[in-house]
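Here the structure is laid out as structure tokens; the discussion comes afterwards.
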Amino acid sequence: MSKNKEKLKVLVVDDEPSILLPLEFLMRKNGFQVFIARNGTEAIDSVDKELPEVVVLDIMMPDVDGYEVCRHIREKKEMNGAKVIFLSAKTKDADIKKGYAVGADLYIPKPFSTRFLMEKIKDLTAS
1473 MSKNKEKLKV
1483 LVVDDEPSIL
1493 LPLEFLMRKN
1503 GFQVFIARNG
1513 TEAIDSVDKE
1523 LPEVVVLDIM
1533 MPDVDGYEVC
1543 RHIREKKEMN
1553 GAKVIFLSAK
1563 TKDADIKKGY
1573 AVGADLYIPK
1583 PFSTRFLMEK
1593 IKDLTAS
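Going left to right, the sequence shown walks through residues 1473 to 1599 as the working numbering numbers them.
Pasting the structure below:
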């Protein structure tokens, strides 16, 4: 999967437990090393500590929004090559364009298919 056949490190960030917990379960089941964050501040801390290769990121969160977390990831040279996937209920063209402008690799509107998300993670991380 990733370097030296290690488990792919994935950070899932969402303030909604009904999205966060099933995604965590699904990704562990698929053999990923999973970290979770319930808000933008936790996400930034986790990014700095764990250096995940994939970040699945909600945009609307109570403290630091997903756009800001994505900017942080893109400014951090140790995170060069990391993939950022936005999962968001914000579906206006302007929101999607902003997501890509701050550095997202993919923008998936909610509600979403978990199968589609897993396929996209595998596509983005295939080397």
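The beta-carbon is built from N, C-alpha and C at its ideal position, and this holds for glycine as well.
Would the C-beta of residue i count as close to the ligand PLP, meaning under 7 Å from any of its heavy atoms?
i	result
S1585	Summarising the ligand content, the structure contains no ligands, and the ligand PLP is consequently not present.
Do residue j and residue i come within 8 Å of each other at the CB atom, strictly closer than that value?
i	j	result
F1497	K1479	no
A1515	V1541	yes
G1575	F1558	no
G1553	D1537	no
K1594	A1561	no
D1530	V1485	yes
M1533	D1577	no
L1495	R1510	no
E1525	T1597	yes
Which whole-angstrom value is the C-beta distance of residue i and residue j, which I expect to be below 8 Å?
i	j	result
I1545	V1527	6 Å
V1519	K1481	That belief does not hold up - the Cβ atoms of V1519 and K1481 are roughly 10 Å apart, past 8 Å.
L1523	M1499	L1523 to M1499, Cβ: 17 Å. No contact.
In terms of DSSP beta bridges, what is residue i paired with?
i	result
L1498	Answer is none; L1498 lacks a bridge partner.
I1580	L1559
Could you pull out every unbroken alpha helix (DSSP H) segment of at least 4 residues lying fully inside the segment 1478-1561, listed in chain order? Complete alpha helix (DSSP H) runs here, min 4: 1489-1501, 1512-1522, 1538-1547.
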